[in-house]
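Chemist: Here it is: the structure, laid out below.
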Amino acid sequence: MALVIDRMFDEYQQYMDDHRDRRSLNFPLVNTIWPVVTIIATYLYVVLRGGPKYMELRKAYDLKAVIRIYNIVQVIANGGYFIAVMFYMLQWENFSFKCQPVNYSESKQGYEELYLSYGYFLLKVLDLADTVFFVLRKKQSHVSFLHVYHHAVMVTLSFLAVIFVPGGHVMMLGVWNSLVHAVMYFYYYLASYGNQSSWKKYLTRLQLVQFVHMGFHFGRPALLGLNCGFPRIWHWVGFLQAVFILGMFLDFYVKAFPYSMGKVAVD
């Protein structure tokens, strides 16, 4: 068994040496796989087991002020990211929204794409606090499979994007996701002061448009076999993830709100 583990570790090291983007080797949390593994493992333990057990005999924490601050931070961070990524994408020469290769060079644009990809990863790590707040407020019913899967997978995929495909065709995901999150957290902030249900249907529509467009964005080059310098396997990953999330979102929505189609947004 020890020999098998050693062999697997050697294969992993060789693969990383051959394929990872070495420009990010000194970036915190992405220099090796272990920080992200630790983050995801800790997150899953806290929100699924440790947290609920800790809160079992305790009253729910009043985190209204903390969450309001958190929502504003998310609005600023995601709004700022959206503005930054749109600014740079419009500045880059010959950037294609149909099929864009990854720029692995040491050029100015290459590093801009890398830094934007890393920034997106950090935003996804920050998002994990959502679930922790649910647990501390004893709203465990909100900690659904869809919610936990979405957050854990987004951290994982954004990490893999930083070390393997930092930029290129995947940039559009950052555009959509940061825009949706900026609007969504602004809604959460306003809703903390009173009912803002009239916004919900618009958030839902925005999310659905995001999922559908991401499916098309990654599915078109994947299904047509387009070769533009962006690894085809990542086209398929993006396409299948978009379709899967869209399917789960619709399933949740239909079951939870069968008579209120178009009125609820889900993170």
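Under numbering that gives the first Met the number 0, the final residue of the sequence shown carries the number 266; numbering is consecutive throughout. In this text, a Cβ means the ideal position worked out from N, Cα and C, and glycines have one as well.
How do the stretch 99-108 and the stretch 202-213 stand: do at least 3 beta-carbon pairs fall below 8 angstroms, yes or no?
Modeler: The stretch 99-108, when compared against the stretch 202-213, does not touch it at the 8 angstroms Cβ threshold.
Chemist: Roughly how many whole angstroms lie between the Cα atoms of Lys262 and Gly246?
Modeler: Against the sequence shown, residue 262 aligns to sequence position 263. Against the sequence shown, residue 246 aligns to sequence position 247. Residue placement at Lys262 cannot be trusted, given a pLDDT of 46 that sits under 50; what the coordinates show is reported in the next sentence. Straight-line Cα distance between these residues: approximately 17 angstroms.
Chemist: Where does Phe26 fall in DSSP's three states?
Modeler: In the sequence shown, residue 26 corresponds to position 27, counting from 1. In the structure shown, Phe26 sits in coil (DSSP, three-state: anything other than H, G, I, E or B).
Chemist: When the Cα atoms are used, what is the spatial distance from Val161 to Leu113?
Modeler: On the sequence shown, position 162 is the one that residue 161 refers to. On the sequence shown, position 114 is the one that residue 113 refers to. Those two C-alpha atoms are separated by around 7 angstroms.
Chemist: With a cut-off of 8 angstroms, do at least 3 Cβ pairs link the stretch 126-135 to the stretch 36-54?
Modeler: A contact between stretches requires three or more CB pairs, one per stretch, nearer than 8 angstroms, and the stretch 126-135 meets this requirement with the stretch 36-54.
Chemist: In the stretch 27-56, which residue ranges form an unbroken alpha helix (DSSP H) of at least 4 residues, counting only runs that do not cross its ends?
Modeler: 33-44 and 50-54
Chemist: Do Ala151 and Ile276 have their beta-carbon atoms positioned less than 8 angstroms apart in this structure?
Modeler: Nothing in the structure corresponds to residue 276, since the chain is present only between 0 and 266.
Chemist: How long is the line joining the alpha carbons of Ile32 and Thr41, rounded to whole angstroms?
Modeler: In the sequence shown, counting from the first residue as 1, residue 32 sits at position 33. In the sequence shown, counting from the first residue as 1, residue 41 sits at position 42. Whole-angstrom Cα-Cα distance: 14 angstroms.
Chemist: Would the stretch 172-188 and the stretch 138-149 be scored as touching if the rule is three or more Cβ pairs under 8 angstroms?
Modeler: no
Chemist: To which residues of the same chain is Met153 closer than 6 angstroms at the C-beta, ignoring the five residues directly before and after it?
Modeler: The residue labelled residue 153 in the question sits at position 154 within the sequence shown. Here the set comprises Lys123.
Chemist: Is the CB-CB distance between Phe120 and Val29 below 8 angstroms?
Modeler: Taking the first residue of the sequence shown as 1, we reach residue 120 at position 121. Taking the first residue of the sequence shown as 1, we reach residue 29 at position 30. Yes; because the gap between Cβ atoms is below 8 angstroms, this pair is in contact.
Chemist: Does the Cβ of Ala241 have 16 or more other Cβ atoms within 10 Å, making it buried, or fewer, making it exposed?
Modeler: Counting from one through the sequence shown, the residue named residue 241 turns up at place 242. Result: buried.
Chemist: Within the chosen definition, does the stretch 210-219 reach the stretch 179-194 through at least 3 CB pairs nearer than 8 angstroms?
Modeler: no
Chemist: Span of the alpha helix (DSSP H) holding Val147?
Modeler: Counting from one through the sequence shown, the residue named residue 147 turns up at place 148. Per DSSP, Val147 belongs to the alpha helix (DSSP H) from Phe144 to Phe163.
Chemist: Counting only the same chain and skipping the five closest in sequence on each side, list residues whose C-beta sits under 6 angstroms from that of Tyr184.
Modeler: What you label residue 184 is simply residue 185 of the sequence shown in a count that begins at 1. Once the five neighbours on either side are set aside, the close Cβ partners of Tyr184 are Asn70, Gln73 and Val74.
Chemist: Relative to the C-alpha of Leu159, which candidate in Leu249, Pro220 and Val236 has its C-alpha closest?
Modeler: Here residue 159 corresponds to residue number 160 of the sequence shown, with the count starting at 1. Of Leu249, Pro220 and Val236, the residue nearest in Cα terms is Val236.
Chemist: Throw me the rounded Cβ distance for the Phe229 and Gly167 pair, which I believe falls under 8 angstroms.
Modeler: Taking the first residue of the sequence shown as position 1, residue 229 is located at position 230. Taking the first residue of the sequence shown as position 1, residue 167 is located at position 168. The Cβ separation is near 5 angstroms, so the contact holds.
Chemist: Provide the residue span of the alpha helix (DSSP H) that contains Arg219, from first to last.
Modeler: The residue you call residue 219 lines up with position 220 of the sequence shown. Start and end: Lys199 to Leu223.
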